[in-house]
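Novice: There's a structure below that I have some questions on.
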Amino acid sequence: MASDSQLMRLGLFDARVPRYTSYPTAPHFSADVGADTFGDWIRAIPPGSRISVYMHVPFCRRLCWFCACRTQGTSTLEPVAAYVETLKAEIGLLAGALPDGVSLSRLHWGGGTPTLLAPQMIRDLALALKAMAPLASDAEFSVEIDPNEIDDARLDALAEAGMNRASIGVQDFDEGIQATIGRDQTYEVTKAAADAIRARGVTSLNADILYGLPDQTRERIAASVQKLLSLSPDRVALYGYAHVPWMARRQQMIPSDRLPRPEERLRLFDTARKLFLWDGYEEIGIDHFARPTDGLARAARAGTLRRNFQGYTDDTAEVLLGIGASAISYFPQGYAQNAPATAAHTRAIRDARFSVSRGHAFAGEDLMRRRMIEALMCDFRIDAAEMQDSFGVSPAQLDRLFREAVQRFPGFVELGPDGLSIPQEGRALTRMIASVFDAYGNSTAGHSSAV
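Quick note, the sequence shown lines up with residues -6 to 444 if you use this note's numbering.
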């Protein structure tokens, strides 16, 4: 790993840059893309296509202070039941617009807390989705599961619906840190949830853990990682905690003076990283780890790893439909985001129209730059021949773009006859290097720390 002084000189410890789960990033979406454009893009999907679906459930029984996701708290299931009816109506609208023969290669339920849904709600939504587009024979159906908000009845309903991958949020097992971030979740409860998931034949288990939390030390994160490893997840996301209290007001509950400094955040990441590697996990992109048999690891080795709004994926579908308030869809033509507020989304669906309120239609060099950024985030290299063949970019133009990155990050970017690459010692800078290829520029206000 590069020295602190080198990384400081390049601005790593002060920079705020996008996570690049899309390009252009969501702050650059505009109202130019609305419901009519969204409908046109759906109808342009070729008949018989395999597509992906993300369904957003924004409700939580409790609001964790660390979370910056678009969620809302509820003490009863009444608003959840009303929202489920809206989702079913939205799914019906989509079913009427989709071409014949479409099937789902990926289905993901996220939130919020999807496991807040009652068993019958789960069954109703699964049936509605199946009527819209059936799961392909090799499809992956994943659900985000809160170990504190799950029971046998809900797990049975999810298993019956076809769930074959589950994702558990861990964050940190240290009780003191949990109290500081408003997330009480014991190891015992987490293990019981993992065991119950596997008992129902769900063999693929994901887990999320955070570094950069208040009061987190290398010793504490090592203890949490070792507990997580005892659960033997197939895939782990090691995310950096993004402290953005100006965007997520609940984060004002977290004492900023107890957050680790950027230099220490890097040490926390490296401590966890080494433990995952020592336990046989393969490093995937900038913040994921997977067992060699996991689909993510196989995709990384094959060069087919991709990046979307859920992070790294082995899904190669050309279309991702977002269902629910604030959900974002992806098409070959661009991005489309539903109305963020649940009330506005519900009003649109009740009026039998899609709630898309903003997005972005690809133009100019968007697709080329999107692929360059994705390639760096996934493979740490940009293949010059791919860029020329896929986008018709000239060698001279590529050379200018590549040399700008080399000049900005001397010694941490390598330029060769085949293209541009980031060596191991420069990978902490990957998001910053990717930003060189971002033609839209980035206000630092809405983005997280680069480390």
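By construction, the Cβ of each residue, glycine as well, lies at the ideal position given by its N, Cα and C atoms. Keep in mind it's a predicted model, so treat the numbers as computed, not measured.
What are the uninterrupted segments assigned as beta strand (DSSP E) that are 3 or more residues long and contained completely in the segment 338 to 393, given in chain order?
Specialist: DSSP runs (the beta strand (DSSP E)) wholly in the segment 338 to 393: 349 to 354 and 374 to 376.
Novice: Since I believe C371 is in contact with L422 (beta carbons under 8 Å), could you give me their beta-carbon distance rounded to a whole number of angstroms?
Specialist: Not a contact, Cβ separation roughly 16 Å.
Novice: Using the DSSP secondary-structure output, state which residues sit across from M48 in a beta bridge.
Specialist: Beta-bridge pairing links M48 to W102 and I316.
Novice: Would you call the CB atoms of T106 and V182 closer than 8 Å?
Specialist: In this structure, V182 does not lie closer than 8 Å to T106 by Cβ.
Novice: Taking only three categories from DSSP, how would you classify R299?
Specialist: In this structure, R299 counts as strand in the three-state DSSP scheme.
Novice: How many Å lie between L314 and P238 at the Cα?
Specialist: So the alpha carbons of these two residues sit roughly 30 Å apart.
Novice: What first and last residue would you give for the alpha helix (DSSP H) that runs through T79?
Specialist: That run of the alpha helix (DSSP H) goes E71 to A90.
Novice: Confirm, please, whether the CB-CB distance from N301 to S319 is below 8 Å.
Specialist: No, the Cβ-Cβ distance between S319 and N301 is not below 8 Å.
Novice: With burial defined as no fewer than 16 other Cβ atoms inside 10 Å of the residue's Cβ, what is the status of W34: buried or exposed?
Specialist: Buried, since its Cβ has 16 or more Cβ neighbours within 10 Å.
Novice: For the alpha helix (DSSP H) containing L221, list its first residue and its last residue.
Specialist: Here the alpha helix (DSSP H) through L221 covers R211 to S223.
Novice: Name the one or two DSSP bridge partners that Q330 has.
Specialist: Looking at the DSSP assignment, Q330 forms a beta bridge with I321 and R351.
Novice: Beta-carbon within less than 8 Å of A61's beta-carbon, same chain only, minus the 5 sequence neighbours each way: which residues are those?
Specialist: A235, V237, M240, A241 and Q244.
Novice: So for Q(-1), helix, strand or coil by DSSP?
Specialist: Three-state result, Q(-1): helix.
Novice: So, do the segment -6 to 10 and the segment 411 to 431 have three or more beta carbon pairs nearer to each other than 8 Å?
Specialist: Cβ pair count under 8 Å is three or more, so yes.
Novice: Distance, Cα to Cα, L221 vs A28?
Specialist: Taking the straight line joining both Cα atoms gives about 43 Å.
Novice: Name the DSSP beta bridge partners of H281, please?
Specialist: In the DSSP output, where bridge partners are listed per residue, H281 has A230 and I277.
Novice: Output the boundary residues of the beta strand (DSSP E) element that contains D201.
Specialist: Its beta strand (DSSP E) spans residues S197 to Y204.
Novice: Would you say D167 and A90 are within 8 Å of each other, going by their C-beta atoms?
Specialist: Cβ atoms of D167 and A90: not closer than 8 Å.
Novice: Taking DSSP as the reference, what is the three-state secondary structure of A24?
Specialist: In the structure shown, A24 sits in coil (DSSP, three-state: anything other than H, G, I, E or B).
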